[in-house]
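Undergrad:
There are 2 protein chains.
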Amino acid sequence: MKKDRATIHDIALKLNITASTVSRALNDNPRISDATKKKVLKVAKQINYQPNHIASALRSGKSRLIGVIVPTANRNFFSSVIRGIEELANSLNYKIIISQSYDDFEKEVQTVEALLNARVDGIIASIAKTTENVDHFKKVLEKGIPLVLFDRITNALEVSQVVIDDHYGAYQTVDHLIKNGCKRIVHFTSNPRINIYHERRRGYEDALKDNGLEVDPNLIIFSNLQLEDGRRIMQEIIDSKIDFDGVFSSSDYSIMGALQVLKENGYKVPAQVKIAGFGNEPFTSFTEPPITTVDQKSIPMGKITAESFFELLNADSASSVAKKTILKPELIIRKSSTNNS
Amino acid sequence: MKKDRATIHDIALKLNITASTVSRALNDNPRISDATKKKVLKVAKQINYQPNHIASALRSGKSRLIGVIVPTANRNFFSSVIRGIEELANSLNYKIIISQSYDDFEKEVQTVEALLNARVDGIIASIAKTTENVDHFKKVLEKGIPLVLFDRITNALEVSQVVIDDHYGAYQTVDHLIKNGCKRIVHFTSNPRINIYHERRRGYEDALKDNGLEVDPNLIIFSNLQLEDGRRIMQEIIDSKIDFDGVFSSSDYSIMGALQVLKENGYKVPAQVKIAGFGNEPFTSFTEPPITTVDQKSIPMGKITAESFFELLNADSASSVAKKTILKPELIIRKSSTNNS
DNA sequence: TTTTAATATGCAATCGATTGCTCAAAATAT
DNA sequence: ATATTTTGAGCAATCGATTGCATATTAAAA
Numbered sequence: 001m002k003k004d005r006a007t008i009h010d011i012a013l014k015l016n017i018t019a020s021t022v023s024r025a026l027n028d029n030p031r032i033s034d035a036t037k038k039k040v041l042k043v044a045k046q047i048n049y050q051p052n053h054i055a056s057a058l059r060s061g062k063s064r065l066i067g068v069i070v071p072t073a074n075r076n077f078f079s080s081v082i083r084g085i086e087e088l089a090n091s092l093n094y095k096i097i098i099s100q101s102y103d104d105f106e107k108e109v110q111t112v113e114a115l116l117n118a119r120v121d122g123i124i125a126s127i128a129k130t131t132e133n134v135d136h137f138k139k140v141l142e143k144g145i146p147l148v149l150f151d152r153i154t155n156a157l158e159v160s161q162v163v164i165d166d167h168y169g170a171y172q173t174v175d176h177l178i179k180n181g182c183k184r185i186v187h188f189t190s191n192p193r194i195n196i197y198h199e200r201r202r203g204y205e206d207a208l209k210d211n212g213l214e215v216d217p218n219l220i221i222f223s224n225l226q227l228e229d230g231r232r233i234m235q236e237i238i239d240s241k242i243d244f245d246g247v248f249s250s251s252d253y254s255i256m257g258a259l260q261v262l263k264e265n266g267y268k269v270p271a272q273v274k275i276a277g278f279g280n281e282p283f284t285s286f287t288e289p290p291i292t293t294v295d296q297k298s299i300p301m302g303k304i305t306a307e308s309f310f311e312l313l314n315a316d317s318a319s320s321v322a323k324k325t326i327l328k329p330e331l332i333i334r335k336s337s338t339n340n341s
Numbered sequence: 001m002k003k004d005r006a007t008i009h010d011i012a013l014k015l016n017i018t019a020s021t022v023s024r025a026l027n028d029n030p031r032i033s034d035a036t037k038k039k040v041l042k043v044a045k046q047i048n049y050q051p052n053h054i055a056s057a058l059r060s061g062k063s064r065l066i067g068v069i070v071p072t073a074n075r076n077f078f079s080s081v082i083r084g085i086e087e088l089a090n091s092l093n094y095k096i097i098i099s100q101s102y103d104d105f106e107k108e109v110q111t112v113e114a115l116l117n118a119r120v121d122g123i124i125a126s127i128a129k130t131t132e133n134v135d136h137f138k139k140v141l142e143k144g145i146p147l148v149l150f151d152r153i154t155n156a157l158e159v160s161q162v163v164i165d166d167h168y169g170a171y172q173t174v175d176h177l178i179k180n181g182c183k184r185i186v187h188f189t190s191n192p193r194i195n196i197y198h199e200r201r202r203g204y205e206d207a208l209k210d211n212g213l214e215v216d217p218n219l220i221i222f223s224n225l226q227l228e229d230g231r232r233i234m235q236e237i238i239d240s241k242i243d244f245d246g247v248f249s250s251s252d253y254s255i256m257g258a259l260q261v262l263k264e265n266g267y268k269v270p271a272q273v274k275i276a277g278f279g280n281e282p283f284t285s286f287t288e289p290p291i292t293t294v295d296q297k298s299i300p301m302g303k304i305t306a307e308s309f310f311e312l313l314n315a316d317s318a319s320s321v322a323k324k325t326i327l328k329p330e331l332i333i334r335k336s337s338t339n340n341s
């Protein structure tokens with residue numbers, strides 16, 4: 001069990017040259033002759049040399065690590081985005097450190113700190129639900145480290161951002177529900193300080209108005225949008241005898257809970273109540289009936305997020321090219337919201 | 001936009017002491033007086049000093065990074081295990097680098113290599129489905145770097161491992177199906193070189209035998225166990241007119257596909273066909289009927305995996321304490337497999 | 001043949017933190 | 001008052017790779 005790893009000095013020793021030459025040979029520096037390069041490569045392979053990225057990072061100041069912060073990797077949307085980021089990053093010889101904030105502000109702050117100490121070359125993040133203050137991200141910018149936000153963004157920061165047009169997605173969905181006969185549509189939403197919920201709600205309201213329907217505040221319910229929240233809220237609405245014939249949720253999880261409760265209470269979906277969620281989580285296609293939802297274009301989002309990141313990374317810090325990319329989401333119509341079923 | 005980060009030398013300069021002293025002060029070394037320590041701490045805070053882990057890693061040879069390789073983070077089981085690992089790791093001041101192999105052998109090999117180059121202090125992994133050769137993991141061991149495997153393990157390696165008792169889980173499930181009247185149970189399985197599928201199949205066969213039923217090779221179907229595989233296989237079985245009254249799948253995804261096809265073909269579940277999956281993915285409780293499945297105890301598994309890892313890390317490399325932990329999974333009985341529905 | 005220009009490599013400093021060894025000053029013991 | 005400890009810090013090397021600035025050798029030009 002030999003623990004010692006080969007270094008460029010070991011190679012140098014064997015060939016009776018200096019470490020500098022070895023280093024240059026390995027980096028394909030034109031100042032080194034092909035003959036030497038070949039010899040170096042050969043010995044490197046022979047003694048199983050593996051570069052020490054730590055040493056290189058210290059010297060160059062570049063760790064080739066990117067910190068990625070998501071609320072939770074356990075969601076189709078986030079893991080797809082991560083995959084998109086990872087693909088581009090890996091092809092450019094970067095590794096990503098995935099960290100989860102679990103939607104907890106404190107954890108997010110600590111994570112940012114830890115990533116900075118690990119000397120990541122940049123950070124890509126989607127903000128936690130409970131985050132109301134972004135000083136920790138400001139610190140990142142102050143250090144001149146590239147930062148790109150996606151999906152859960154904030155306007156308090158001058159950074160590159162990638163989002164979908166949440167207003168559009170919600171508008172399309174609600175318009176679709178109305179076209180299918182809904183007149184009293186309940187809306188599940190969450191903390192309005194979070195851009196995505198705010199925008200989706202605006203889309204909901206605008207669609208109602210444009211179709212000559214009234215916005216009834218009693219139909220707009222705030223929660224954490226988990227499955228249990230959907231269940232609880234749906235039951236409360238049913239119990240309160242409020243009149244409704246549709247539900248549009250900002251999350252697939254809470255609409256799932258609502259669907260369960262609706263069925264438990266004998267409501268026919270979509271005959272009596274039409275419903276739609278947001279996020280296109282895979283399970284929405286497994287339910288009975290399958291649930292209409294909005295696809296967030298996670299793959300392109302990951303790709304574009306990574307592209308924006310590397311653009312920033314390669315830019316001369318002076319011309320900080322903070323730009324906002326907005327993708328169009330896609331309404332996925334399934335049985336839960338249509339008449340002809 | 002100042003990019004320069006403070007170092008211990010900056011602190012030393014301000015206080016007219018040496019960097020060594022600062023370093024010791026920050027590490028609370030007893031050889032430094034309290035007065036000096038206080039001054040150092042004060043200046044450190046004042047100039048917003050943040051330790052450079054890279055430099056420290058180079059010198060100490062410890063990066064305080066743990067590489068975690070999973071087939072995909074986009075699965076409830078894996079993300080739960082990751083969470084368990086992360087919690088313990090963070091509390092000990094370690095960060096984890098999560099990498100996904102996407103169940104691809106080549107990617108796994110590259111990932112291991114990349115993690116080694118990043119000089120992680122150890123690796124925790126669940127092996128990719130397509131991996132048939134574990135030389136890349138052997139290399140990890142040869143370097144004396146702690147390696148712990150969970151769930152998808154291999155016997156070709158002398159390392160600490162954490163698994164559930166797959167045989168037990170499968171046995172319980174199949175026994176349950178039989179007790180509920182099934183006599184011809186189809187089994188969806190995958191590559192038998194992967195321990196979990198092999199064990200689950202053994203459990204399936206043993207349960208049949210112990211109940212006086214025959215093992216019919218025609219009922220054992222190999223695939224990748226994705227949803228589409230489940231759909232395809234189920235349709236093929238139906239088309240082939242093979243007699244069956246139950247399906248036990250080694251994966252929740254393929255049983256989901258099977259359920260869809262069964263319903264599309266007019267089969268009543270569970271009245272005519274009883275089904276059960278494995279994994280307790282959240283969506284199994286959302287389906288109609290909800291699907292009986294096996295919970296893999298992901299939270300304890302993550303915790304125990306991390307514990308085993310740190311045990312190895314702290315052990316004197318001589319007494320390598322490779323140990324295997326086996327957790328009991330839990331059968332979650334739902335409507336898809338019971339009579340009284 | 002001498003000068004100039006390429007070409008190939010070496011030297012030594014550097015990145016920031018850590019640590020074994022040395023040493024001066026202060027405290028205690030004889 | 002001298003000898004011995006104890007305490008607090010400094011010096012310099014180290015981790016492994018990189019790089020600006022020589023330098024030696026060879027080739028081409030004058």
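Protein sequences, first through last, are from chains A and B.
Each residue of the first sequence is one higher than the one before, counting from 1 in UniProt numbering.
Each residue of the second sequence is one higher than the one before, counting from 1 in UniProt numbering.
Yeah, the Cβ is synthetic: ideal placement off N, Cα and C, and Gly gets one too.
#1: Under DSSP, the beta strand (DSSP E) around Thr293(B) begins and ends at which residues?
#2: Step through the CB atoms of chain A and report whether any lies within less than 9 angstroms of the CB of Asn29(B).
#3: To be precise: take each residue of the segment 21 to 54 of chain B, compare its Cβ to all Cβ atoms of chain A, and keep it if any distance is under 8 angstroms. Which residues remain?
#4: Between Ser80(A) and Ala73(A), how many whole angstroms is the CB-CB distance? I'm expecting something under 8 angstroms.
#5: For Thr287(A), go through chain B and note every residue whose CB falls closer than 9 angstroms to its CB, in chain order.
#6: Restricting to Cα atoms, I'd like to know which of Cys182(B), Ile8(B) and Phe309(B) is closest to Leu26(B).
#7: What is the DSSP secondary structure of Phe248(B), reduced to helix, strand or coil?
#8: Taking 9 angstroms as the threshold (beta carbon to beta carbon), is Ser91(B) in contact with chain A?
#9: Can you tell me whether DSSP reads Lys241(A) as helix, strand or coil?
#10: Using beta carbons (cut-off 9 angstroms, strictly below), is Ile332(B) in contact with chain A?
#11: Please report the straight-line C-alpha distance between Ile237(A) and Leu219(A), rounded to a whole angstrom.
#12: Residues of chain A with a CB under 7 angstroms from the CB of Asn224(B): which are they?
#13: Is DSSP giving Leu313(A) helix, strand or coil here?
#14: Classify Gly212(B): buried if its beta carbon has 16 or more other beta carbons within 10 angstroms, exposed otherwise.
#15: Can you tell me whether Ala315(A) is buried or exposed, with buried defined as 16 or more other CB within 10 angstroms of its CB?
#16: Would you tell me roughly how many angstroms separate the C-alpha atoms of Ile11(A) and Ala35(A), rounded to the nearest one?
#17: Kindly list, in the order they appear in chain A, the residues whose Cβ is closer than 9 angstroms to that of Leu219(B).
#18: Which term fits Asp210(A), buried or exposed, when burial requires 16 or more other beta carbons within 10 angstroms of its beta carbon?
#19: Given this structure, state the Cα-to-Cα distance separating Val22(B) from His53(A), to the nearest angstrom.
#20: Nearest chain A C-beta to Met234(B) closer than 9 angstroms, yes or no?
#21: So if DSSP puts Ile123(B) in a beta bridge, which residue, or which two residues, is it bridged to?
#22: Here's the rule: buried if 16 or more other CB atoms are within 10 angstroms of the residue's CB, otherwise exposed. What is Ala170(A)?
#23: Take Ser298(A) as the anchor and find which of Phe77(A), Asn133(A) and Gln50(A) has the nearest alpha-carbon.
#24: Are the segment 323 to 335 of chain B and the segment 150 to 165 of chain B touching by the rule of at least three beta carbon pairs closer than 8 angstroms?
#25: Would Glu106(A) count as contacting chain B if we go by Cβ distances under 9 angstroms?
#26: Near Asp103(A), what residues of its chain come up, given a Cβ to Cβ distance below 8 angstroms and the 5 sequence neighbours on each side ignored?
#27: Under 8 angstroms, with one C-beta from each stretch per pair, do the segment 176 to 185 of chain B and the segment 226 to 246 of chain B reach the 3-pair mark?
#28: Which first and last residues belong to the alpha helix (DSSP H) in which Lys274(A) is found?
#29: With DSSP run on the structure shown, which of helix, strand or coil describes Ile326(A)?
#30: For Lys95(A), which three-state DSSP category applies?
#31: Hey, quick one: how far does the alpha helix (DSSP H) through Ser23(A) stretch, first residue to last?
#32: State yes or no: is the C-beta of Pro282(B) within less than 9 angstroms of the C-beta of Lys335(B)?
#33: Assign Ala156(B) to buried or exposed, taking buried as 16 or more other Cβ atoms, counted over all protein chains shown, within 10 Å of its Cβ.
#34: Taking only three categories from DSSP, how would you classify Ser160(B)?
#35: I want to see whether chain B comes within less than 9 angstroms of Asn76(A), judged by CB atoms only; does it?
#36: Indicate the three-state DSSP secondary structure (helix, strand or coil) for Arg5(A) in the structure shown.
TA: Reading off the structure:
#1: Thr293 to Asp295
#2: no
#3: Gln50, Pro51, Asn52, His53 and Ile54
#4: In fact, because the Cβ distance is near 10 angstroms, the residues do not count as touching under 8 angstroms.
#5: Phe283, Phe286, Thr287 and Glu288
#6: Ile8(B)
#7: strand
#8: no
#9: coil
#10: no
#11: 9 angstroms
#12: Those do not exist, as Asn224(B) stays about 16 angstroms from chain A at its closest Cβ, beyond 7 angstroms.
#13: helix
#14: exposed
#15: exposed
#16: 15 angstroms
#17: In chain order: nothing, as chain A lies at least about 25 angstroms away.
#18: exposed
#19: 26 angstroms
#20: no
#21: Gly67(B) and Leu147(B)
#22: buried
#23: Phe77(A)
#24: yes
#25: no
#26: Pro71, Thr72, Ala128, Lys129 and Thr130
#27: yes
#28: First-last for Lys274(A): Lys274 to Ala276, but that is the beta strand (DSSP E), not the alpha helix (DSSP H).
#29: strand
#30: strand
#31: Ala19 to Leu26
#32: no
#33: exposed
#34: strand
#35: yes
#36: coil
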